[in-house]
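In full-length UniProt numbering, the protein residues as written are 1 to 415.
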């Protein structure tokens, strides 16, 4: 039976005259049911700490979906037409997260006895190459790491192909990990806290750098005169929390606070793609591949291959993101399963996913683990990752038309 939506009037978005569909109550019930069952399994089987991280993942999914918080689109809009609103939202997110991270990292301890450690990784060829091909891949795949999860939760079935490619590419990256970390040219990790005498000095320098980047996007916009961002339907007042689109600034602050909560509870910042490598490697091991002999799965990571998936912090948070986004999409009436996907779109999704998976693994993370959490941890590799991913975006948007994908243009009325 075909679902019939009764639209309600949408208000609260400047320049938008339209309607919001009714909540998808059946999908919402399924989302909350799955959320409760998985939550019970995590809390009962793996403890309160793991359960809290699962709930943080759910909240991340809600925030990502309602804010439509994009990394792929923000980079594409800046490169294609000079629209920097998305990147300025990134800078707000990074500024708030840095201010939250600084005292936590300085203290060195969090909740549940967690020993806190930031996402600080080496500078070198692995980050340069990995972030660049990630930038290419996210323009083809249609979503980044966080975007893949919340888009799948929202019913975008084409992103399932991106996610499949992501997992496969992550396994390839884990297989080649030894080369990129031991044989390729790499320098030692560089922390701003070490360079500037502690986290207070690092925070001051970082906020100045963030301000410069934000100012640069304004200067670019004045010169290129980009189209405005397309308005999205939204309810008014408190109803906006569950019906419609949040302002970008609200999404930025929410993600920063939740990343800080992740650091406090788990002892490490938010990440996404290490779980993809774990899932894919477990599948490969089940098929007879000796993944345990790979350099990537030696040392501390070896135990993860033998442990249940729900014992993995990143995995339970990823599951929470998908279910949180699914619930948000259902309550907002925007959950729609796309049944017809063009072959070119599937090809782009698979290729983009593989590039992102491989790139994220060798670059010490994705747009979340390396860029967001890396910069918030005052690691220079996070800034290097962002620069190289932006360069990769230049190539990626030029490849999009080959797969029938659109690119924003200066003459567009909105983007």
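Yeah, the Cβ is synthetic: ideal placement off N, Cα and C, and Gly gets one too. From a predicted model like this one, the values you see are computed outputs, not experimental measurements.
Check                                                                                                                                                            : Outcome
Is the distance from the Cβ of residue 280 to the Cβ of residue 152 below 8 Å?                                                                                   : no
Whose CA, out of 321, 358, 90 and 333, lies closest to the CA of residue 28?                                                                                     : 333
Report yes or no: do the region 66-75 and the region 146-160 share at least 3 C-beta pairs separated by less than 8 Å?                                           : yes
Buried or exposed: which applies to residue 116, given that a residue is buried once 16 or more other Cβ atoms fall within 10 Å of its Cβ?                       : buried
Sort out for me which residues DSSP pairs residue 264 with in a bridge.                                                                                          : Answer is none; residue 264 lacks a bridge partner.
Within the chosen definition, does the region 174-182 reach the region 279-294 through at least 3 CB pairs nearer than 8 Å?                                      : yes
Which residues bound the alpha helix (DSSP H) around residue 226?                                                                                                : Residue 226 -> no alpha helix (DSSP H), and no H or E assigned at all.
Where do the N-terminal and C-terminal ends of the beta strand (DSSP E) with residue 124 fall, by residue?                                                       : 122-124
How is the beta strand (DSSP E) around residue 187 delimited, first residue to last?                                                                             : 186-189
Count the CB pairs spanning the region 96-105 and the region 350-362 that are closer than 8 Å, and state whether there are at least three.                       : no
Could you pull out every residue in the same chain whose Cβ sits closer than 7 Å to the Cβ of residue 49, ignoring the five residues on either side in sequence? : 112 and 265
Rounding to the nearest angstrom, what Cα-Cα distance links residue 311 and residue 300 in this structure?                                                       : 14 Å
At which residues does the alpha helix (DSSP H) containing residue 338 begin and terminate?                                                                      : Here residue 338 belongs to no alpha helix (DSSP H), and DSSP marks it neither H nor E.
Compute the beta-carbon to beta-carbon distance between residue 66 and residue 328, rounded to the nearest angstrom, for a pair I have assumed lies under 8 Å.   : 6 Å
With a floor of 3 residues, list each beta strand (DSSP E) that falls wholly inside the region 335-412, ordered by position along the chain.                     : none
Per the DSSP calculation, residue 109 is bridged to which residue(s)?                                                                                            : 115
Determine the burial state of residue 33: buried for a count of at least 16 other Cβ atoms within 10 Å of its Cβ, exposed for fewer.                             : exposed
Indicate whether residue 208 and residue 202 have their beta-carbon atoms separated by less than 8 Å.                                                            : no
Straight-line CA distance for residue 331 to residue 156?                                                                                                        : 16 Å
Are the CB atoms of residue 61 and residue 353 within a distance shorter than 8 Å?                                                                               : no
At 4 residues or longer, and completely inside the region 293-321: list those alpha helix (DSSP H) runs for me, N to C.                                          : 302-306
State the DSSP-derived secondary structure class of residue 415, mapped to helix, strand or coil.                                                                : Because the pLDDT of residue 415 is 42, which lies under 50, any placement of that residue in the model is unreliable, and the number read from its coordinates should be weighed accordingly. Three-state result, residue 415: coil.
Have a look at residue 188 and residue 385 and give me their C-alpha separation to the nearest angstrom.                                                         : 15 Å
Taking Cβ positions, are residue 346 and residue 57 nearer each other than 8 Å?                                                                                  : no
Going along the chain, which residues of its own chain have a beta-carbon closer than 7 Å to the beta-carbon of residue 76, five neighbours each way excluded?   : 139, 393, 397 and 408
Tell me the DSSP secondary structure of residue 175 in three-state form.                                                                                         : helix
Cβ atoms of residue 137 and residue 355: under 8 Å apart, would you say?                                                                                         : yes
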